[in-house]
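A.B. asks: Mapping the sequence shown onto our numbering, position 40 (from 1) lands on 40, and the numbers just tick up by one. All C-beta atoms, glycine included, are put in the ideal place defined by N, C-alpha and C. Mind having a look at this structure? Questions to follow.
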Amino acid sequence: MQDTDAIDEYILRHIDGESDYLKALYRATHVKLLRPRMASGHLQGRLLKMLVQMIRPKQVLEIGTYSGYSALCMAEGLQDDALLHTFEINDEQEDFTRPWLENSPYSDKIRFYIGDALELVPRMDVTFDMAFMDGNKRFYIEYYEMILEKLSPGGYIVADNTLWDGHVLEISSHPDAQTLGIMKFNDRVALDERVEKVILPLRDGLTIIRKKT
């Protein structure tokens with residue numbers, strides 16, 4: 001564990017830093033919210049920004065806003081005429097998250113919705129070029145299929161937590177619902193010929209999926 005921690009610290013010293021705003025948000029997330037580990041954090045946040053800059057999407061979907069850290073990182077990488085639509089199902093999260101999004105330098109690029117993305121997104125007249133999945137792990141397959149329907153050819157899905165602290169390797173006759181959701185999702189994507197895919201062992205596992213043209 002010490003070696004892993006040392007590598008993590010080395011990586012963070014050799015990548016782009018966080019803005020003061022993101023540092024403040026990350027601190028506030030740990031002080032005021034339960035399960036602060038759900039926030040993307042420095043390394044994953046810089047990767048999300050770079051992916052956005054590489055893909056250059058016009059419309060981005062995020063499922064699972066939480067404190068808004070990942071949304072701000074993606075918005076940071078957006079072009080001037082692009083938008084991020086981020087959905088949070090927990091209405092108790094709104095009082096914390098909305099001010100951080102609306103007071104940020106990227107507020108004009110972010111649309112924040114409270115509600116179930118599975119109900120709201122299909123009603124939207126939007127085709128997405130990129131999506132970040134970080135919602136309820138029980139519904140990863142449902143999110144995935146919904147996003148594919150709304151995703152442009154050649155578009156990307158980035159799915160978080162797909163290694164789930166290594167629980168995907170555990171052999172159990174009764175896995176918990178969230179572990180089961182991740183395992184079924186990983187199996188579905190692995191066999192899905194509609195997409196190309198790769199899993200990165202970053203933090204808790206990050207799967208990058210490209211919809212074939």
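Is residue 66 helix, strand or coil when you go by DSSP?
C.D. replies: Against the sequence shown, residue 66 aligns to sequence position 66. Residue 66: coil per DSSP, three-state reduction.
A.B. asks: Could you tell me the distance, in whole angstroms, from the CA atom of residue 147 to the CA atom of residue 99?
C.D. replies: Taking the sequence shown and counting its residues from 1, one reaches residue 147 at position 147. Taking the sequence shown and counting its residues from 1, one reaches residue 99 at position 99. Rounded to whole angstroms, the gap between the alpha carbons of residue 147 and residue 99 is 27 Å.
A.B. asks: Provide the residue span of the beta strand (DSSP E) that contains residue 130, from first to last.
C.D. replies: Here residue 130 refers to the residue found at position 130 of the sequence shown. Unbroken beta strand (DSSP E) run through residue 130: 128 to 133.
A.B. asks: In terms of residue numbering, what span does the alpha helix (DSSP H) encompassing residue 196 cover?
C.D. replies: Sequence index remark: in the sequence shown, residue 196 carries index 196 (1-based). Run containing residue 196: none in the alpha helix (DSSP H); it sits in the beta strand (DSSP E), 195 to 200.
A.B. asks: By how many angstroms is the C-alpha of residue 28 removed from the C-alpha of residue 80?
C.D. replies: If you number the sequence shown from 1, residue 80 lands on position 80. If you number the sequence shown from 1, residue 28 lands on position 28. Whole-angstrom Cα-Cα distance: 28 Å.
A.B. asks: Quick one: what's residue 150 bridged to in DSSP?
C.D. replies: Residue mapping note: residue 150 aligns to position 150 of the sequence shown, counting from 1. Beta-bridge pairing links residue 150 to no other residue.
A.B. asks: Residue 181 by DSSP, collapsed to three states: which one?
C.D. replies: Within the sequence shown, the letter at position 181 stands for residue 181. Here residue 181 sits in helix by DSSP.
A.B. asks: For residue 156, list the residues DSSP reports as bridge partners.
C.D. replies: Indexing the sequence shown from 1 puts residue 156 at position 156. Bridge partners of residue 156: 130, 210.
A.B. asks: Quick check on residue 1: does DSSP put it in helix, strand or coil?
C.D. replies: What you label residue 1 is simply residue 1 of the sequence shown in a count that begins at 1. Caution applies to residue 1, whose pLDDT of 42 falls short of 50 and renders its modelled position unreliable; the value that the coordinates give is listed next. Coil at residue 1, not helix or strand.
A.B. asks: Look at the Cβ atom of residue 43, then the Cβ atom of residue 11, and state whether they are nearer than 8 Å.
C.D. replies: As a working note, residue 43 is residue 43 in the sequence shown. As a working note, residue 11 is residue 11 in the sequence shown. Contact: yes.
A.B. asks: Helix, strand or coil: which one does DSSP assign to residue 141?
C.D. replies: Stepping through the sequence shown from its first residue, residue 141 is reached at position 141. Correct three-state label for residue 141: helix.
A.B. asks: Along the chain, where does the beta strand (DSSP E) that runs through residue 85 open and close?
C.D. replies: Position 85 of the sequence shown holds residue 85. Residue 85 -> beta strand (DSSP E) spans 83 to 88.
A.B. asks: Rounded to a whole number of angstroms, what is the C-alpha to C-alpha distance between residue 227 and residue 175?
C.D. replies: The displayed coordinates of the chain run from 1 to 213. Any statement about residue 227 would go beyond what the structure contains.
A.B. asks: For residue 177, count neighbouring C-beta atoms within 10 Å of its own C-beta (all shown protein chains included) and say buried if the count is 16 or more, exposed if not.
C.D. replies: Residue mapping note: residue 177 aligns to position 177 of the sequence shown, counting from 1. By the neighbour-count rule (16 or more Cβ atoms within 10 Å), residue 177 is not buried but exposed.
A.B. asks: How long is the line joining the alpha carbons of residue 163 and residue 106, rounded to whole angstroms?
C.D. replies: Here residue 163 refers to the residue found at position 163 when the sequence shown is read from its first residue. Here residue 106 refers to the residue found at position 106 when the sequence shown is read from its first residue. Roughly 31 Å separates the two Cα atoms.
A.B. asks: Roughly how many angstroms separate the alpha carbons of residue 25 and residue 94, rounded to a whole number?
C.D. replies: The residue labelled residue 25 in the question sits at position 25 within the sequence shown. The residue labelled residue 94 in the question sits at position 94 within the sequence shown. Our two residues, residue 25 and residue 94, have alpha carbons roughly 14 Å apart in a direct line.
A.B. asks: Near residue 71, what residues of its chain come up, given a Cβ to Cβ distance below 7 Å and the 5 sequence neighbours on each side ignored?
C.D. replies: On the sequence shown, position 71 is the one that residue 71 refers to. 62, 65, 84, 86, 101, 110.
A.B. asks: Which residues does DSSP list as the beta-bridge partners of residue 222?
C.D. replies: Because the chain is modelled from 1 through 213, residue 222 falls outside the range shown and cannot be assessed.
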